[in-house]
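Numbering-wise, the sequence shown is residues 1 to 102 according to this note's numbering.
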Amino acid sequence: MQNVTGHLRKEETTMKFHSSVIFVNDIEKSKDFYVQLLNQKIEYDFGMNVILKGGLAIWEIRQGHIINQRLETKNKSNKFELYFLDKILIARCVMNCEKSRH
Numbered sequence: 001m002q003n004v005t006g007h008l009r010k011e012e013t014t015m016k017f018h019s020s021v022i023f024v025n026d027i028e029k030s031k032d033f034y035v036q037l038l039n040q041k042i043e044y045d046f047g048m049n050v051i052l053k054g055g056l057a058i059w060e061i062r063q064g065h066i067i068n069q070r071l072e073t074k075n076k077s078n079k080f081e082l083y084f085l086d087k088i089l090i091a092r093c094v095m096n097c098e099k100s101r102h
């Protein structure tokens with residue numbers, strides 16, 4: 001918003017972190033994964049760009065897109081870790097570990 005002199009207020013011009021983005025090949029499969037399996041909620045759905053509540057976004061980037069051409073990684077692999085904690089998921093993992101020991 002502008003003040004009476006037409007300039008932006010300082011707090012409005014300060015850069016702030018908004019979200020992390022994961023580039024995906026299929027937005028529908030990715031939405032199903034994050035919503036159904038990881039119980040994330042969609043805040044905004046712009047078709048090929050989806051913002052999840054909590055600060056994660058997924059964008060479908062097609063093969064010929066400039067991001068694919070410019071952000072190429074070594075060995076064409078992208079390695080990262082993304083943590084989701086959920087009491088029910090942890091309980092299921094513990095139960096499965098205990099079953100596999102017997």
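All C-beta atoms in this analysis are idealised placements derived from N, C-alpha and C, irrespective of residue type, glycine included.
For this session: Determine the direct distance from the alpha carbon of Asp26 to that of Ile66, and round the result to whole angstroms.
Result: Here the question's residue 66 lines up with position 66 in the sequence shown. Here the question's residue 26 lines up with position 26 in the sequence shown. Using only the alpha carbons, I get a separation of about 17 Å.
Problem set entry | Between the CA atoms of Asn49 and Ile90 - distance to the nearest angstrom | Walking along the sequence shown from the start, residue 90 turns up at place 90. Walking along the sequence shown from the start, residue 49 turns up at place 49. Taking the straight line from one Cα to the other gives about 30 Å.
For this session: Give the range of the alpha helix (DSSP H) segment to which Asp32 is assigned.
Result: By 1-based counting over the sequence shown, the position of residue 32 is 32. That run of the alpha helix (DSSP H) goes Ile27 to Asp32.
For this session: Closer than 6 Å by C-beta to Val21: which residues in its own chain qualify, once you throw out the five before and the five after it? Chain order, please.
Result: Locating residue 21 in the sequence shown gives position 21, counting from the first residue. The residues are Ala57 and Trp59.
Problem set entry | Selection from Leu38, Lys31, Glu98 and Ser100 that minimises the alpha carbon distance to Gly47 | The residue given as residue 47 occupies position 47 in the sequence shown. It is Lys31.
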